[in-house]
Ligand code: NAD
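Numbering (our numbering), first residue to last: 76 to 558.
Quick look at the structure:
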């Protein structure tokens with residue numbers, strides 16, 4: 076099956092590369108020429124464990140290609156994934172301009188010789204499936220191949236030349252040259268390859284059973300787990316098959332928003348309880364251990380800390396609030412999810428104030444910039460907000476992230492952060508250090524060495540990854556979240 080994936084970001088690139096590994100013929104398209112050139116050379120423009128090797132494998136096997144030529148890629152493909160960004164607008168609405176541009180271009184590019192399936196993989200507001208269908212049709216109106224097909228069909232209507240017309244049309248009526256489907260993505264950055272090969276479920280939204288069948292066929296090796304796993308992503312033991320949820324377009328779109336809104340709410344809930352724990356003398360780690368064991372609740376996504384971030388939660392929760400408002404519904408719980416999170420990002424600064432009293436003129440070291448470990452993604456990362464707040468208060472801010480220093484320096488040249496190359500050089504001259512991202516190496520900090528180079532030994536554990544007793548035994552003032 077020939078597949079075109081438009082957008083080579085975290086979602087599109089991983090999807091395309093994994094489908095190629097499964098034997099599909101894949102062309103990944105992007106408007107960013109620099110990215111496409113890097114990919115052609117076998118280099119991933121994003122940090123994602125295991126991805127580089129799979130890209131090289133696909134290129135060597137000859138079934139993974141990279142292009143900036145959308146029109147040719149569409150002509151070669153049966154399934155066209157739209158996987159471009161849908162970032163938030165200042166109003167909270169999703170910016171759909173990239174989706175719009177791609178959908179219209181796809182319509183303009185189709186040769187109309189076969190039936191194609193245009194699949195929305197970007198996270199889009201409810202109703203976008205129908206909107207994409209309209210946009211592809213708009214593109215088709217400017218497409219000479221489509222207009223010719225319409226003319227042939229019109230000429231054949233009711234006449235004796237039906238067989239000839241049918242042959243010229245390949246048996247496909249003009250209105251059937253494409254179908255739209257929704258296939259929301261649930262991968263997590265940092266474990267995107269595993270999440271793609273071993274997902275909890277695959278969701279397919281379609282109005283037409285043919286589109287749903289073809290997508291199921293595309294994912295067959297994953298659904299049935301018949302593929303030989305790559306060395307970098309071994310199959311989890313006992314993992315046998317993947318449930319496929321086939322549903323209508325609107326429900327598929329809503330599933331994605333509901334999943335992200337629930338996960339964000341779960342974290343905000345844990346943070347709310349953590350803040351109360353701190354006041355009453357309970358330890359959130361113990362509390363979560365106790366209530367997370369309840370099978371109705373589960374322990375995941377209950378880590379208290381500096382709040383959630385990343386490219387998805389904030390924008391998706393804002394988008395669903397906006398959708399609800401459009402329908403005159405006020406989603407109070409979701410608004411609280413956002414406001415609790417906003418407040419939580421301020422908590423490390425309050426802890427620094429409490430421990431150091433004066434922030435102005437102090438040097439603060441941030442351990443971690445990425446919004447979570449194993450990624451270089453700093454979109455809506457709590458570290459950025461914490462750094463800004465400290466800088467505004469007159470502090471000197473240093474930061475060390477194992478992967479994201481360069482990305483941050485490039486994307487935020489005006490943010491006056493001093494970048495360090497390791498935890499020790501970060502700690503030099505610091506009055507306090509703050510663990511912002513729970514990179515594994517931060518669990519094994521050499522506290523003796525770090526303490527020796529600091530001005531004052533204050534450690535704010537914004538992710539509760541350290542043992543408070545061990546940190547205090549090393550002579551530090553320890554401040555966790557909710558403990
Ligand atoms: P991204 O910003 O990393 O990548 C988007 C890519 O699309 C960029 O490379 C950009 O150059 C390209 N692009 C933009 N306009 C284009 C055009 N006209 N033609 C070709 N390419 C174009 O985005 P992402 O993080 O991969 O997210 C994509 C979508 O998937 C979003 O809707 C997001 O909400 C959703 N999603 C993301 C994640 C995640 O973890 N990142 C997870 C699930 C769903």
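Backbone N, C-alpha and C fix where the C-beta goes; we use that ideal spot for every residue, glycine too.
The model shown is predicted, which means the values in this text are computed figures rather than measured ones.
In three-state terms, what does DSSP make of residue i?
| i | result |
| --- | --- |
| residue 85 | helix |
| residue 317 | coil |
| residue 173 | helix |
| residue 248 | coil |
| residue 106 | coil |
| residue 492 | strand |
| residue 398 | helix |
| residue 111 | helix |
| residue 93 | helix |
| residue 519 | helix |
| residue 478 | coil |
| residue 444 | coil |
| residue 133 | helix |
| residue 609 | Residue 609 lies beyond the residue range present for the chain, which begins at 76 and ends at 558; the question has no answer from this structure. |
| residue 218 | coil |
| residue 553 | strand |
| residue 186 | coil |
| residue 536 | strand |
Would you report the Cα separation of residue i and residue j, rounded to the nearest angstrom?
| i | j | result |
| --- | --- | --- |
| residue 533 | residue 525 | 11 angstroms |
| residue 476 | residue 511 | 10 angstroms |
| residue 278 | residue 255 | 14 angstroms |
| residue 389 | residue 407 | 16 angstroms |
| residue 306 | residue 504 | 43 angstroms |
| residue 569 | residue 341 | The structure shown has nothing for residue 569, since the chain only spans 76 to 558. |
| residue 364 | residue 432 | 33 angstroms |
| residue 472 | residue 555 | 20 angstroms |
| residue 281 | residue 106 | 28 angstroms |
| residue 284 | residue 207 | 18 angstroms |
| residue 377 | residue 205 | 36 angstroms |
| residue 286 | residue 405 | 35 angstroms |
| residue 507 | residue 541 | 15 angstroms |
| residue 171 | residue 162 | 8 angstroms |
| residue 530 | residue 297 | 54 angstroms |
| residue 228 | residue 191 | 19 angstroms |
| residue 549 | residue 543 | 10 angstroms |
| residue 147 | residue 179 | 15 angstroms |
| residue 136 | residue 101 | 11 angstroms |
| residue 553 | residue 173 | 46 angstroms |
Spatial neighbours of residue i within its chain, please: CB distance less than 8 angstroms, with the 5 preceding and 5 following residues excluded, ordered by chain position.
| i | result |
| --- | --- |
| residue 113 | 119 and 120 |
| residue 295 | 301 |
| residue 499 | 521, 524, 525 and 528 |
| residue 60 | Since the first residue of the chain shown is 76 and the last is 558, residue 60 is not available in this structure. |
Please go through the same chain and pick out, in chain order, the residues whose beta-carbon is closer than 7 angstroms to the beta-carbon of residue i, but skip the five residues on each side of it.
| i | result |
| --- | --- |
| residue 415 | 343, 346 and 347 |
| residue 308 | 125, 268, 269 and 272 |
| residue 468 | 434 and 435 |
| residue 362 | 348 and 352 |
| residue 132 | 96 |
| residue 149 | 79, 155, 181, 184 and 185 |
| residue 482 | 451 and 453 |
| residue 201 | 325, 328, 329 and 398 |
Could you check whether residue j and residue i sit closer than 8 angstroms to each other, using their CB atoms as the reference points?
| i | j | result |
| --- | --- | --- |
| residue 103 | residue 84 | no |
| residue 334 | residue 261 | yes |
| residue 198 | residue 274 | no |
| residue 213 | residue 257 | no |
| residue 183 | residue 138 | no |
| residue 155 | residue 93 | no |
| residue 546 | residue 509 | no |
| residue 193 | residue 157 | yes |
| residue 211 | residue 276 | no |
| residue 99 | residue 293 | yes |
| residue 470 | residue 492 | no |
| residue 89 | residue 196 | no |
| residue 81 | residue 145 | yes |
| residue 77 | residue 153 | yes |
| residue 557 | residue 379 | yes |
Between residue i and the rest of its own chain, which residues show a CB-CB distance below 6 angstroms, the 5 nearest in sequence each way excluded?
| i | result |
| --- | --- |
| residue 478 | 122 and 451 |
| residue 495 | 473, 475 and 501 |
| residue 141 | 103, 111, 114 and 115 |
| residue 480 | 494 |
| residue 215 | 182 and 221 |
Worksheet item: Does the stretch 456–465 touch the stretch 376–393, meaning 3 or more C-beta pairs lie closer than 8 angstroms?
Response: yes
Worksheet item: Would you call the stretch 395–411 and the stretch 432–445 in contact, with 3 or more CB pairs under 8 angstroms?
Response: no
Discussion item. Between the stretch 357–366 and the stretch 415–428, can you find at least three pairs of beta-carbon atoms closer than 8 angstroms?
Written reply: no
Item to complete: Please confirm if the stretch 307–321 is in contact with the stretch 365–377, defined as three or more CB-CB distances below 8 angstroms between the two stretches.
Response: no
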